[in-house]
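Q: One structure follows; several queries about it will come next.
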Ligand SMILES: Nc1ncnc2c1ncn2[C@@H]1O[C@H](COP(=O)(O)OP(=O)(O)OP(=O)(O)O)[C@@H](O)[C@H]1O
Ligand SMILES: Nc1ncnc2c1ncn2[C@@H]1O[C@H](COP(=O)(O)OP(=O)(O)OP(=O)(O)O)[C@@H](O)[C@H]1O
Ligand code: SF4
Ligand SMILES: [Mg+2]
Ligand SMILES: [Mg+2]
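Chains as they are written, first to last, in UniProt numbering: chain R, 1 to 344; chain V, 1 to 347.
See below:
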């Protein structure tokens with residue numbers, strides 16, 4: 001198996017408010033190997049973006065703090081790096097794509113200049129060479145007539161083209177890890193299909209790892225090697241993509257998959273619903289954070305927060321749910337789930 | 001030779017006329033493009049360009065298509081929230097674009113709209129009870145007490161806690177705000193509701209709750225829906241029939257099951273194949289369309305899809321295909337529809 005490129009261990013990220021620290025992520029653990037695509041899925045407000053911003057250490061600028069845990073990248077803890085050190089890592093080895101392509105592009109520079117600038121900065125390329133490479137990048141991401149497009153401004157391009165430009169900028173310095181936060185959510189499905197195809201193709205060529213954040217289970221099924229499901233700040237289930245979709249285990253994942261319309265059962269049938277709503281951060285219930293909505297909640301669920309347990313036969317599919325109590329993760333391979341030791 | 005073609009006959013294959021609640025005939029909506037200091041009109045955005053369709057009483061008609069293809073504009077012109085450039089909208093036998101004062105006021109009670117944005121469409125300074133009660137105050141001579149009782153009833157119908165009616169919309173979650181919009185829309189017992197991306201902004205778990213609510217209300221109140229959405233899964237689940245739009249044109253109409261199972265228009269086929277399915281390992285062969293959607297200000301000649309169509313022939317760039325019924329209950333506007341050779345289509 002390929003080497004672990006990124007290993008997030010028990011990462012807690014919060015925002016300081018007048019009520020003290022409010023946790024947006026709560027001891028989440030996740031790892032990505034070389035060449036792998038890991039999808040982080042979950043509903044709005046579950047903490048997906050906060051997680052990605054923490055890895056990039058951009059959370060510092062969003063008013064958040066890494067309260068606990070580590071982010072190991074090539075064995076070094078990014079949580080301990082200075083912003084100066086992070087600047088070298090960002091853009092060079094880890095690149096990020098945000099949901100809204102327009103807001104990541106500078107309206108007063110042509111798209112060619114913006115890609116060339118990134119190449120000058122990170123690859124030490126000189127003027128002409130950087131420009132030519134920028135045009136090549138536009139071609140690589142599938143923009144027709146790249147010589148002409150390079151001289152245009154973002155507002156002269158469609159949303160899909162702008163997102164391609166953003167991808168071109170992110171990939172210009174050949175990152176090892178690409179973090180893409182809802183890169184296709186703002187796009188039409190046919191354009192989304194083009195962008196996802198493009199990401200897959202470039203990944204195969206460059207061998208990079210991708211942390212793909214999405215709330216679309218269909219996108220995750222298509223892109224992921226592994227899937228992590230977030231609920232109210234915690235990863236409640238994580239495993240290989242087939243396991244997550246074929247044998248979902250955490251009651252939240254099961255409910256989420258059943259709620260998707262259009263696939264199972266006949267048209268017009270009453271859809272499965274998960275009762276209630278996601279609690280706001282800072283107002284989590286005691287015990288399991290999902291228990292007020294869970295159809296299987298037991299006494300223990302109301303009292304004690306579940307640890308990570310292994311589900312299924314293998315050793316790489318985990319769920320934080322008392323229904324799977326017999327196989328605690330930490331006791332099996334010390335992979336750093338929410339283990340008993342820390343909480344005792 | 002881009003001839004201006006109009007569909008003169010009424011949409012074919014329709015149910016008996018008394019079943020039809022909305023009959024849209026050759027509807028056009030053009031927006032002028034202004035330029036320069038004098039705001040000269042330099043062109044037109046053909047947002048809806050010669051669309052004809054019928055919607056039957058009690059059905060849900062789904063409308064899909066990519067951003068900017070004219071779905072919302074069509075919905076708004078059908079409700080006469082915007083005037084038509086040309087064409088007719090017949091609602092229960094009357095052309096609503098010819099109605100005046102009192103008739104129009106009555107019409108407003110019978111047709112309603114639910115918007116996408118549960119945040120933007122509710123006035124943040126109004127209490128929830130005033131938001132839901134407003135149409136009652138405007139259209140009905142009800143006392144304050146009667147309105148309050150009806151608000152409580154409506155809130156209960158849409159699954160909201162009526163004791164929270166004296167609160168402001170920002171104190172409600174996205175799904176709850178969408179329910180507030182729905183309660184307001186059904187307050188006057190309308191017959192016809194346009195739901196424009198009504199569940200698109202909602203998370204899956206909340207979305208399924210709101211979809212169930214819409215289906216329940218339809219059954220209980222006998223509502224007819226025009227359900228506009230770019231989320232094809234949702235449309236597939238809720239709609240009886242589906243219309244597919246591309247660049248201001250309706251390119252295919254059919255029963256939901258048959259249309260999804262065997263699309264006739266190459267654009268429908270591409271659109272459907274682009275939906276990511278939550279079944280790993282079954283990544284199907286996908287029709288990836290090249291290029292972007294052309295501008296509706298300057299649509300391609302002939303078939304508007306020919307610049308991106310994998311099946312386009314010379315004829316497609318020259319002659320505009322009309323929306324025609326090529327099989328019972330299935331209309332398509334394409335010179336080379338994807339008819340399965342052996343099965344002969346339906347049944
Ligand atoms: N700068 C901030 N200050 C305070 N709270 C914040 C801030 N940024 C995010 N949060 C809160 O942290 C939680 C997680 O937010 P996050 O943006 O990570 O969610 P998400 O999973 O990315 O959701 P979405 O799918 O809507 O993008 C939310 O409750 C959010 O309100
Ligand atoms: N008031 C207006 N003035 C000028 N152009 C308009 C106006 N309203 C809509 N348009 C244009 O008409 C076309 C159709 O827009 P419309 O909003 O109907 O599309 P849509 O299919 O609803 O798209 P979306 O899925 O993004 O909501 C677009 O090109 C749009 O820019
Ligand atoms: S721990 Fe209990 S409440 Fe939580 S998901 Fe599992 S069964 Fe449900
Ligand atoms: Mg986010
Ligand atoms: Mg719209």
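We treat Cβ as the ideally placed atom computed from N, Cα and C, and that holds for glycine.
Using a beta-carbon distance below 7 Å, is residue 188 (chain R) in contact with chain V?
A: Yes - at least one Cβ of chain V is within 7 Å of the one on residue 188 (chain R).
Q: Which residues bound the alpha helix (DSSP H) around residue 155 (chain V)?
A: 144-157
Q: Hey, is the region 305-313 of chain R in contact with the region 273-281 of chain R, meaning 3+ C-beta pairs nearer than 8 Å?
A: Counting Cβ pairs under 8 Å, fewer than three are found: no touch.
Q: Taking only the alpha-carbon atoms, compute the straight-line gap between residue 139 (chain R) and residue 32 (chain R) and give it to the nearest angstrom.
A: Residue 139 (chain R) and residue 32 (chain R) have their C-alpha atoms roughly 29 Å apart.
Q: Taking the beta strand (DSSP E) that residue 27 (chain V) falls in, what are its first and last residues?
A: 20-35
Q: Find the nearest neighbour of residue 242 (chain R) within the set R:12, R:38, R:9, judged by alpha-carbon distance.
A: R:38
Q: Using the beta-carbon of each residue, which ones in chain R are nearer than 7 Å to residue 279 (chain V)?
A: 221, 245
Q: With burial defined as no fewer than 16 other Cβ atoms inside 10 Å of the residue's Cβ, what is the status of residue 342 (chain R): buried or exposed?
A: Its pLDDT being 37, under 50, residue 342 (chain R) is placed unreliably in this model, and the value from its coordinates should be taken loosely. Residue 342 (chain R) sits exposed, since fewer than 16 C-beta atoms from the chains shown fall within 10 Å of its C-beta.
Q: Can you check whether the C-beta of residue 353 (chain V) is within less than 7 Å of a C-beta belonging to chain R?
A: No statement about residue 353 (chain V) is possible, as the shown extent of chain V runs from 1 to 347 and does not include it.
Q: For residue 15 (chain R), which residues does DSSP report across the bridge?
A: R:22, R:64
Q: By the DSSP assignment, the alpha helix (DSSP H) with residue 98 (chain R) in it spans what residues?
A: Here residue 98 (chain R) belongs to no alpha helix (DSSP H), and DSSP marks it neither H nor E.
Q: Taking DSSP's pairing of strands, which residues face residue 201 (chain R) in a bridge?
A: Answer is none; residue 201 (chain R) lacks a bridge partner.
Q: Given that a residue counts as buried once 16 or more other Cβ atoms are within 10 Å of its Cβ, and exposed if not, what is residue 6 (chain V)?
A: Because residue 6 (chain V) sits at a pLDDT of 40, beneath the cut-off of 50, its placement in the model cannot be relied upon, and the point is left open.
Q: Are the C-beta of residue 327 (chain V) and some C-beta of chain R separated by less than 7 Å?
A: It does not: the Cβ of residue 327 (chain V) has no partner Cβ on chain R nearer than 7 Å.
Q: If you drop the 5 nearest sequence neighbours on each side, which residues of the same chain put their C-beta closer than 8 Å to that of residue 127 (chain V)?
A: Once the five neighbours on either side are set aside, the close Cβ partners of residue 127 (chain V) are 165, 166, 167, 168.
Q: Is there at least one non-hydrogen atom of ligand 5 closer than 6 Å to the beta-carbon of residue 28 (chain V)?
A: No, ligand 5 has no heavy atom inside 6 Å of this Cβ.
Q: Rounding to the nearest angstrom, what Cα-Cα distance links residue 28 (chain V) and residue 214 (chain V) in this structure?
A: The C-alpha of residue 214 (chain V) is placed about 29 Å away from the C-alpha of residue 28 (chain V).
Q: For residue 2 (chain V), which residues of its own chain have a beta-carbon under 6 Å away from its beta-carbon, when the five flanking residues on both sides are left out?
A: Residue placement at residue 2 (chain V) cannot be trusted, given a pLDDT of 41 that sits under 50; the coordinates are not used to answer.
Q: Got a sec: is the Cβ-Cβ distance from residue 241 (chain R) to anything in chain B below 7 Å?
A: Protein chains R and V are contained in the structure displayed, whereas chain B is not.
Q: Excluding five sequence neighbours on each side, which residues of the same chain lie with their C-beta closer than 6 Å to the C-beta of residue 73 (chain R)?
A: 6
Q: Quick check: is any heavy atom of ligand 5 less than 6 Å from the C-beta of residue 249 (chain V)?
A: no
Q: DSSP beta-bridge partners for residue 48 (chain R)?
A: Answer is none; residue 48 (chain R) lacks a bridge partner.
Q: Tell me where the alpha helix (DSSP H) around residue 260 (chain V) begins and ends.
A: 256-261
Q: Can you tell me the Cα-Cα spacing of residue 142 (chain V) and residue 108 (chain V), whole angstroms?
A: 17 Å
Q: Measuring from the CB of residue 69 (chain V), is there a heavy atom of ligand 2 at a distance below 6 Å?
A: Yes, Cβ of residue 69 (chain V) sits closer than 6 Å to a heavy atom of ligand 2.
Q: Please report the residue range of the beta strand (DSSP E) in which residue 318 (chain V) lies.
A: Residue 318 (chain V) -> no beta strand (DSSP E), and no H or E assigned at all.
Q: Of the residues that make up the region 266-297 of chain R, which ones have a beta carbon closer than 7 Å to any beta carbon in chain V?
A: Within the region 266-297 of chain R, the qualifying residues are 267, 268, 270, 271, 272, 273, 274, 277.
Q: Residues of chain R with a CB under 8 Å from the CB of residue 204 (chain V): which are they?
A: 43, 215, 217, 256, 259, 260
Q: Let me know if residue 38 (chain V) comes out buried or exposed under the rule of 16 or more other beta-carbons within 10 Å of its beta-carbon.
A: exposed
Q: Could you give the uninterrupted runs of the beta strand (DSSP E) lying entirely in the region 106-192 of chain R, keeping only those of 3 residues or more?
A: 177-181
Q: Step through the CB atoms of chain V and report whether any lies within less than 7 Å of the CB of residue 312 (chain R).
A: no
Q: Kindly indicate the opening and closing residues of the beta strand (DSSP E) around residue 224 (chain V).
A: 224-228 is the span of the beta strand (DSSP E), which, as asked, contains residue 224 (chain V).
Q: Can you list the residues of chain V that residue 193 (chain R) reaches, using a CB-CB cut of under 7 Å?
A: Residues of chain V passing the Cβ test: 274, 286, 288.
Q: Which residues of the region 38-72 of chain V have a Cβ closer than 7 Å to any Cβ of chain R? Give them in chain order.
A: 66, 67
Q: Quick check: is any heavy atom of ligand 3 less than 6 Å from the C-beta of residue 297 (chain R)?
A: yes
Q: At 4 residues or longer, what runs of the alpha helix (DSSP H) sit wholly inside the region 68-142 of chain V?
A: 71-78, 101-110, 128-139
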